[in-house]
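> Below is the structure I would like to discuss, written out as structure tokens.
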Amino acid sequence: MSQLFDYQPLWQRLDENPKLAAWRHDLETLVATRLSPEYHGTMPKWIAAWETLPEFDGTHWDLCCDAVTISADGASDPNAQLVQTLLEFHPWRKGPFNLLGCRIDTEWRSNWKWDRLADSVDFRGRSVLDIGCGNGYYGWRMLGAGAETVLGCDPFLLYLMQFEVFRKYASPELASQHHVLPIGDEDLPDDLGCFDVTLSMGVLYHRTSPIDHLKKIASTLKPNGQVVLETLVVDSNKEEVLVPAGRYAKMRNVWFLPSVPMLQLWMARTGFCEIEVIDESITTVDEQRQTAWMTFESLADFLDPQDESKTIEDY
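Below is the structure:
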């Protein structure tokens with residue numbers, strides 16, 4: 053069983069790299085601040101819920117199926133107490149997961165997005181940075197695909213706690229391969245230069261400066277590194293961009309929605325090469341929807357009820 057917020061393997065790995073050792077002290081201080089009860093008042097309640105999760109000496113992981121799955125010798129069918137404990141971490145947005153027989157039917161069928169990119173990216177033996185990683189679902193899938201290490205970054209502490217729910221059942225070896233930090237991309241140094249693959253999925257359109265975000269993710273890579281970038285785009289063959297006048301699909305923080313040609317231009321201008329479009333898909337209410345594990349509004353509430361090809365603001 054892994055300890056809560058055990059970053060010691062990560063600190064050791066940073067100390068082994070002269071370039072990253074200098075960052076380690078500032079990062080450790082920042083993480084400690086953001087994990088303090090004073091920073092987020094709900095943290096004590098989440099920690100108390102985490103501590104009530106059942107304990108088992110041995111667990112079995114399946115990181116290669118649609119639902120990241122943990123089973124354990126001696127575990128019975130999920131009881132109401134386990135379900136209630138997991139619901140303390142509501143809403144569950146990214147997944148699905150299966151913990152000790154309890155299937156967490158998350159808002160997003162994130163395995164659909166994984167299936168769109170998995171055959172195009174070779175994760176075997178590679179170090180990965182996942183910016184805006186949420187609860188770490190994709191990180192577990194990347195380890196299942198052979199990644200050596202995955203470091204996730206997400207400032208939302210609820211998602212970090214959801215990650216820690218699953219990491220609790222990881223072996224020391226597996227736990228040392230995957231960490232999630234309570235930070236955003238703006239907290240990363242400008243010259244990390246140490247990852248083979250960096251993912252930025254669902255982040256770009258939330259940034260007031262998409263060019264700065266692209267520069268940041270480029271700076272995280274080793275020479276010949278690879279970026280996986282996923283974002284909302286407008287349907288156009290021209291180099292153009294939409295800046296919503298207000299909200300977009302009820303989201304306040306949407307700034308720039310480029311066409312694919314404009315996105316390719318942005319990437320080329322910021323130094324990327326061999327730019328490849330892996331997939332273009334329309335998000336549907338089958339992929340993102342309300343469930344018992346995410347009872348708030350979801351995509352159906354963000355679209356025009358008469359025309360699902362438009363947002364509720366008529367975009």
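Every number in the working numbering is 52 more than the matching position in the sequence shown, counting from 1.
All C-beta atoms in this analysis are idealised placements derived from N, C-alpha and C, irrespective of residue type, glycine included.
Flag this pair as touching only if the segment 238-251 and the segment 182-192 have three or more C-beta atom pairs under 8 Å; answer yes or no.
The segment 238-251 is in contact with the segment 182-192.
> What is the DSSP secondary structure of L152, reduced to helix, strand or coil?
The answer is coil: DSSP assigns L152 none of H, G, I, E or B.
> Taking the alpha helix (DSSP H) that A124 belongs to, which residues open and close that run?
Premise fails: A124 lies in the beta strand (DSSP E), 120-124, not in any alpha helix (DSSP H).
> Which one of E360, F208, A197, A320 has the shortest CA to CA distance from F175?
Selected option, being the one with the closest Cα: A197.
> Check the C-beta distance from R119 over to G147 and give it rounded, since I have them as a contact under 8 Å.
Per the sequence shown, residue 119 should be read as Ala rather than Arg. About 7 Å separates the two Cβ atoms, so the contact holds.
> Is it right to say T28 is buried, meaning 16 or more other beta carbons lie within 10 angstroms of its own, or is it exposed?
Nothing about residue 28 can be read from this structure; the chain reaches only from 53 to 367.
> How would you write the range of the beta strand (DSSP E) that D182 sits in, first residue to last?
Element bounds for D182: 179-183.
> Please go through the segment 74-109 and give each complete alpha helix (DSSP H) segment of 4 or more residues, from N-terminal end onward.
Fully enclosed alpha helix (DSSP H) runs of 4 or longer: 95-103.
> Go ahead and pull the three-state DSSP assignment for M319.
Residue state, collapsed to three classes: helix.
> Counting beta carbon pairs with one atom in the segment 157-170 and one in the segment 206-218, are three or more of them shorter than 8 Å?
Output reads no: the segment 157-170 does not touch the segment 206-218.
> Note the first and the last residue of the continuous alpha helix (DSSP H) segment covering E252.
Here residue 252 is Ser; the residue named in the question, Glu, does not match the sequence. Run containing S252: none in the alpha helix (DSSP H); it sits in the beta strand (DSSP E), 247-253.
> Can you tell me whether H77 is buried or exposed, with buried defined as 16 or more other CB within 10 angstroms of its CB?
Per the 10 Å Cβ criterion, exposed.
> Going by DSSP in three states, E238 sits in which element: helix, strand or coil?
Helix, per DSSP.
> Between which two residues does the alpha helix (DSSP H) carrying D157 extend?
Where D157 is concerned, there is no enclosing alpha helix (DSSP H), given that its DSSP letter is neither H nor E.
> Might you give, ordered along the chain, the residues of its own chain that have their beta carbon closer than 7 Å to the beta carbon of P96, omitting 5 neighbours on each side?
Here the set comprises P89.
> What do you reckon, are the CB atoms on H265 and L273 nearer than 7 Å?
Contact: no.
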